[in-house]
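Enquirer:
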Amino acid sequence: MDATLIRTINRLQDAFSTVGVHNPVDLPQIVVIGSQSSGKSSVLENIVGRDFLPRGSGIVTRRPLVLQLINRPAATSTSDDGDKGKSTISHAQNGDENDKKEAEEWGEFLHQPGVKYTDFNLIREEIVRDTEAKTGKNAGISPLPINLRIYSPHVLTLTLVDLPGLTKLPVGDQPKDIEKQIRDMIVKYITKPNSIILAVTAANVDLANSDGLQLARNVDPEGARTIGVLTKVDLMDAGTDVVDILAGRVIPLRLGYVPVVNRGQRDIDTKKSIHKSLEGERAFFENHAAYKSKAQYCGTPYLARKLNMILMHHIRNTLPEIKAKIQAALAKYIAELATLGDGMAEGAGQANIVLNIITEFCTEFRTIIDGNSTDLSSFELSGGARISFVFHELYSNGVKSLDPFDQVKDVDIRTILYNSSGSSPALFVGTTAFEVIIKQQIKRLEDPSLRCVNMVFDELVRILTQLLSKQLFKRFPQLKDRFYQVVINFFRKQLNPTNKLVQDLISMESCYINTGHPDFLNGHKAMAVINDRINQAKNPQPVDPKNRNSALANLPPSLEPEPTNNGFFGSFFSGKKKRPGVMEPPPSVLKASGNLSEREQIETEVIKLLISSYFNIVKRTVIDTVPKAIMLNLVNNAKEELQRELLQELYKTEVLDELLKESDFTQNRRKECKKMIEALQKADEIVGSVSG
Numbered sequence: 001m002d003a004t005l006i007r008t009i010n011r012l013q014d015a016f017s018t019v020g021v022h023n024p025v026d027l028p029q030i031v032v033i034g035s036q037s038s039g040k041s042s043v044l045e046n047i048v049g050r051d052f053l054p055r056g057s058g059i060v061t062r063r064p065l066v067l068q069l070i071n072r073p074a075a076t077s078t079s080d081d082g083d084k085g086k087s088t089i090s091h092a093q094n095g096d097e098n099d100k101k102e103a104e105e106w107g108e109f110l111h112q113p114g115v116k117y118t119d120f121n122l123i124r125e126e127i128v129r130d131t132e133a134k135t136g137k138n139a140g141i142s143p144l145p146i147n148l149r150i151y152s153p154h155v156l157t158l159t160l161v162d163l164p165g166l167t168k169l170p171v172g173d174q175p176k177d178i179e180k181q182i183r184d185m186i187v188k189y190i191t192k193p194n195s196i197i198l199a200v201t202a203a204n205v206d207l208a209n210s211d212g213l214q215l216a217r218n219v220d221p222e223g224a225r226t227i228g229v230l231t232k233v234d235l236m237d238a239g240t241d242v243v244d245i246l247a248g249r250v251i252p253l254r255l256g257y258v259p260v261v262n263r264g265q266r267d268i269d270t271k272k273s274i275h276k277s278l279e280g281e282r283a284f285f286e287n288h289a290a291y292k293s294k295a296q297y298c299g300t301p302y303l304a305r306k307l308n309m310i311l312m313h314h315i316r317n318t319l320p321e322i323k324a325k326i327q328a329a330l331a332k333y334i335a336e337l338a339t340l341g342d343g344m345a346e347g348a349g350q351a352n353i354v355l356n357i358i359t360e361f362c363t364e365f366r367t368i369i370d371g372n373s374t375d376l377s378s379f380e381l382s383g384g385a386r387i388s389f390v391f392h393e394l395y396s397n398g399v400k401s402l403d404p405f406d407q408v409k410d411v412d413i414r415t416i417l418y419n420s421s422g423s424s425p426a427l428f429v430g431t432t433a434f435e436v437i438i439k440q441q442i443k444r445l446e447d448p449s450l451r452c453v454n455m456v457f458d459e460l461v462r463i464l465t466q467l468l469s470k471q472l473f474k475r476f477p478q479l480k481d482r483f484y485q486v487v488i489n490f491f492r493k494q495l496n497p498t499n500k501l502v503q504d505l506i507s508m509e510s511c512y513i514n515t516g517h518p519d520f521l522n523g524h525k526a527m528a529v530i531n532d533r534i535n536q537a538k539n540p541q542p543v544d545p546k547n548r549n550s551a552l553a554n555l556p557p558s559l560e561p562e563p564t565n566n567g568f569f570g571s572f573f574s575g576k577k578k579r580p581g582v583m584e585p586p587p588s589v590l591k592a593s594g595n596l597s598e599r600e601q602i603e604t605e606v607i608k609l610l611i612s613s614y615f616n617i618v619k620r621t622v623i624d625t626v627p628k629a630i631m632l633n634l635v636n637n638a639k640e641e642l643q644r645e646l647l648q649e650l651y652k653t654e655v656l657d658e659l660l661k662e663s664d665f666t667q668n669r670r671k672e673c674k675k676m677i678e679a680l681q682k683a684d685e686i687v688g689s690v691s692g
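So for the sequence shown, the UniProt record's numbering puts the first residue at 1; every next one is plus one.
#1: Any idea if Y395 is buried or exposed, counting beta-carbon neighbours within 10 angstroms, 16 or more meaning buried?
#2: Can you pull the DSSP bridge partners for L148?
#3: Taking the straight line between their C-alpha atoms, what separation do you get for R620 and L468?
#4: What span of residues does the beta strand (DSSP E) with D162 cover, start to end?
#5: What does the alpha-carbon distance come out to for the pair L634 and T498?
#6: Under the rule that 16 or more other beta-carbon atoms within 10 Å means buried, what is Y257, buried or exposed?
#7: Span of the beta strand (DSSP E) holding T191?
#8: Identify whether T515 lies in helix, strand or coil by the three-state DSSP scheme.
#9: Grab the span of the alpha helix (DSSP H) containing Y302 for me, first residue to last.
#10: With DSSP as the reference, please indicate the residues paired to A202 in a beta bridge.
#11: Check the C-beta distance from L650 over to V461 and give it rounded, since I have them as a contact under 8 Å.
#12: In the structure shown, what three-state DSSP assignment does Y117 receive?
#13: When DSSP labels each residue in this structure, what does Q627 get in the three-state scheme?
#14: M309 to L479, Cα distance in whole Å?
#15: Which value, in whole angstroms, describes the spacing of the CA atoms of F389 and R366?
#16: Any idea what DSSP makes of Y651, helix, strand or coil?
#17: Just checking my contact of I197 with D162 at CB under 8 Å: how many whole Å lie between their CB atoms?
#18: Mind checking who P259 pairs with in its DSSP beta bridge?
#19: Using the rule of at least 16 other Cβ atoms within 10 Å of the residue's Cβ for burial, across every protein chain shown, is P28 buried or exposed?
#20: Along the alpha helix (DSSP H) that carries G688, what are the first and last residues, could you check?
#21: Tell me whether V25 sits in a helix, a strand or coil according to DSSP, three-state version.
#22: Looking at C-alpha atoms only, which residue of D458, N636, S510 is the closest neighbour of F434?
#23: Taking C673 and L337 to be in contact with their CB atoms under 8 Å, please state how far apart those CB atoms are, rounded to whole angstroms.
#24: Tell me, please, which residues DSSP counts as bridged to V31.
#25: From which residue to which residue does the alpha helix (DSSP H) around residue 745 run?
#26: Taking three-plus beta-carbon pairs below 8 Å as touching, is the stretch 138-148 in contact with the stretch 173-181?
#27: Looking only at its own chain, which residues have a Cβ that is under 8 Å from the Cβ of K292, when we skip the five neighbours before and after it?
#28: Looking at the secondary structure, which residues open and close the alpha helix (DSSP H) in which F473 lies?
#29: Would you call the stretch 444-451 and the stretch 317-334 touching, i.e. three or more CB-CB distances under 8 Å?
#30: Between the stretch 675-689 and the stretch 401-408, do at least 3 Cβ pairs fall closer than 8 Å?
#31: Using only the alpha-carbon positions, how far apart do N637 and E645 sit?
#32: Inspect the beta-carbon positions of E179 and K168 and report whether they are closer than 8 Å.
#33: Given the structure, does G228 come close to the ligand NAD, in the sense that its CB is under 7 Å from one of the ligand's heavy atoms?
#34: Rounded to a whole number of angstroms, what is the C-alpha to C-alpha distance between L67 and G107?
#35: Please state the DSSP three-state secondary structure of L445.
#36: In this structure, what does DSSP give as the bridge partners for L166?
And the structure:
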């Protein structure tokens, strides 16, 4: 059962690699990292028991190597996966003994289905050949993995991912950022929570300077999923050992460390077999004073068993999560494929597609404005709610903020009062002055009202953009562009009559001043209010009969005799003191400059009160009627007539082919989704076949 778990993960890796898609599920795997000189390749070859990895100076591993080891009993002639129909590649000159050994051990590449490599030298050559095919012959690297499966009775079922060795400086033709490229690739693999990090470090260098361990600690600071491998233990200075490291007293790792002894360069040059190397490794640990008491926990065989146990335990714990992720990813891609649609139909099928798109678009447009959408946001206002905000917040507050007296000052009112009375001074407050001023102020309401129309227009365009951002329109870019043009043109056609109606509403208010409005404060009431204010503002003073006679003392200020030198226009401008009997012609421009007389002050205050009263009535009216006009001519018209406009412009046989031309993105994405669904369905079957 345990071996079956690892094989299940291998089959899942193959399921995604075969269809050439990125694996959306984080599968448990052992990731091998270390510097170029750490002996990483030798560790892997010792685990396999065969020479098969490329060797040389510089970066030898330039692509991730997914190494799947399958334990295959020697007595069986076929593996669980079967080898029928597979061609065998081997060297004819090998002796009978080697042929027999190679018959029970072989390798298979995922990119060469059905081909068995019984000569491991040819496996090395194929790794080099396929690497150069993807990266060229320079020292560049590629994230595209090579999947190699090795069947042997001498291995434990195990899956390892060998990554390029860490380097400090570019050498020869290597890219200048080679260090960053390799680090980024390694971090991408070891960051995944389901990866177990196998950090290979040479024992004869300071452990604190280990590149592999430093990277591992960045993503796994507690050392929960990192296992350390100490190579070159036999090359340490005399009297030194790694006992403190193994005991976790230097850099502790929860999965611990395993010391190993690899073949040196001389051993490789002299073709020393891995079998003899493993025997020498066992002898080294059994006879070394520091390690012989714990020799059973040292060496490559123990490392292989430990990795096998860790991986199986990890897979067993994560399998339920893997099942759930596969099913969630499958549902996601099936849903996306549904939005991308099938390949294009022709003739009547195309017409139906356009008809359905128009109908669905107009229905959604109406529901968004009316607030009946099933996709209501709790994060922000949208659709019709934004239009309501424009009406009841922006427009309403904008109109209410208009103050007639920020433009019309007291001096202006006084001037208009005199101008409206003509050649005869008025006895009473004239309505002409009031009407002149109020009409000017009512015209000021036109600008915010027209801006309100434009803001609602912008909100309709916003709704249009929101609807056109759906996946359906990404599928048909030509249709999206035509939709946008037709709808925008329709909105613009409605803009002119809407503006005209709003302008007419303001003109209606300014062309007839209804002083009989029940809410309007008439002249008598205004005068009474002003008199009350004047009386309240007075501070009664005791009368001194010595200075003023009793009759004058009892007169209100507004009726007190004015100085004889003040005429009717006495307070209109302050002139210089003139000689008796001398008159000067009036200036070419007469403007008010003096202080207001009490009468002028009363008349001005009355006019201001009347203007405020009537202007407030008009503001309330336009706050109510302008939104209604905009809804009638712009919004409701769009809701009712937009579908007819779209059908008239787009539902034409001669333009269907052009409108329904799919984007390259849609076609490519559909293929990717189909591939991913195929892989996920296969993965779901594989995981589903594993019981408990």
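Even for Gly, the Cβ is constructed at its ideal location relative to N, Cα and C.
Expert: On the basis of the coordinates in this document:
#1: buried
#2: Residue pairing of L148 in beta bridges, as defined by DSSP: L67, F109.
#3: 38 Å
#4: 158-162
#5: Approximately 6 Å, taken between the alpha carbons.
#6: buried
#7: For T191, there is no enclosing beta strand (DSSP E), as DSSP marks it with neither H nor E.
#8: coil
#9: Element bounds for Y302: 300-340.
#10: T231
#11: No, L650 and V461 are not in contact; Cβ-Cβ is about 19 Å, not under 8 Å.
#12: Correct three-state label for Y117: strand.
#13: Inspection of the sequence shows that residue 627 is occupied by Pro rather than by Gln. Looking at P627 - three-state DSSP - the assignment turns out to be helix.
#14: About 58 Å.
#15: 18 Å
#16: The answer is coil: DSSP assigns Y651 none of H, G, I, E or B.
#17: That belief does not hold up - the Cβ atoms of I197 and D162 are roughly 13 Å apart, past 8 Å.
#18: L230
#19: buried
#20: Going by DSSP, G688 is part of the alpha helix (DSSP H) stretching over 664-688.
#21: coil
#22: S510
#23: 4 Å
#24: V161, I197
#25: Here the chain comprises residues numbered 1 to 692, so residue 745 is not present and cannot be evaluated.
#26: yes
#27: F285, E286
#28: 471-475
#29: Not touching, per the Cβ criterion.
#30: Taking a cut-off of 8 Å on C-beta distances, the stretch 675-689 does not touch the stretch 401-408, as fewer than three cross pairs fall below it.
#31: 11 Å
#32: yes
#33: Absence of the ligand NAD is noted for the structure shown, with no ligands found whatsoever.
#34: Looking at the two C-alpha atoms, the distance is approximately 10 Å.
#35: coil
#36: Bridge partners of L166: S35.
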